[in-house]
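Undergrad: Residue numbers (my numbering): 156 to 227. The structure's right below; bear with me while I get my questions together.
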Amino acid sequence: MKLSDVQLEALRRSAVEAALEAGKSIQAYAGKVKEIQHKDSGSTPASKVVSEADYRSQEIILQRLKPSIREF
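Now the structure itself:
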């Protein structure tokens with residue numbers, strides 16, 4: 156499927172908005188993370204750490220991008 160410039164711009168805007176909203180959510184957790192978990196995947200020790208802030212930001216991004224996934 157080849158996307159037009161208009162479609163690509165719409166996808167870009169959605170991605171930027173999702174990232175900004177997720178970033179604000181992560182900032183709200185600064186200094187407030189109560190529990191840190193570890194995951195098996197990841198190439199460095201830092202990439203194996205996950206918190207509630209990570210899960211919430213992922214949820215925000217997926218929810219914001221879901222309409223474009225259906226559309227494109």
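All residues carry an ideal CB built from backbone N, CA and C; glycine is no exception. Since the structure is predicted, the reported quantities are computational estimates derived from the model, not experimental observations.
I need the straight-line Cα distance from S198 to D160, nearest angstrom please.
TA: Sequence index remark: in the sequence shown, residue 198 carries index 43 (1-based). Sequence index remark: in the sequence shown, residue 160 carries index 5 (1-based). One C-alpha to the other measures close to 36 angstroms.
Undergrad: Could you give the residue range of the beta strand (DSSP E) that holds V205?
TA: Residue 205 sits at position 50 when you count from the first residue of the sequence shown. Start and end: V204 to S206.
Undergrad: Roughly how many angstroms lie between the CA atoms of R167 and A173, to the nearest whole one?
TA: As a position in the sequence shown, residue 167 is number 12, starting the count at 1. As a position in the sequence shown, residue 173 is number 18, starting the count at 1. Distance between the alpha carbons of R167 and A173: 10 angstroms.
Undergrad: So S169 and L220 are supposed to be a Cβ contact under 8 angstroms. How far apart are they, rounded?
TA: The count along the sequence shown starts at 1 and reaches residue 169 at position 14. The count along the sequence shown starts at 1 and reaches residue 220 at position 65. Rounded, the Cβ-Cβ distance is 6 angstroms, consistent with contact.
Undergrad: Assuming F227 contacts L175 (C-beta within less than 8 angstroms), just tell me the rounded distance between them.
TA: The residue you call residue 227 lines up with position 72 of the sequence shown. The residue you call residue 175 lines up with position 20 of the sequence shown. Not confirmed; about 21 angstroms, so no contact.
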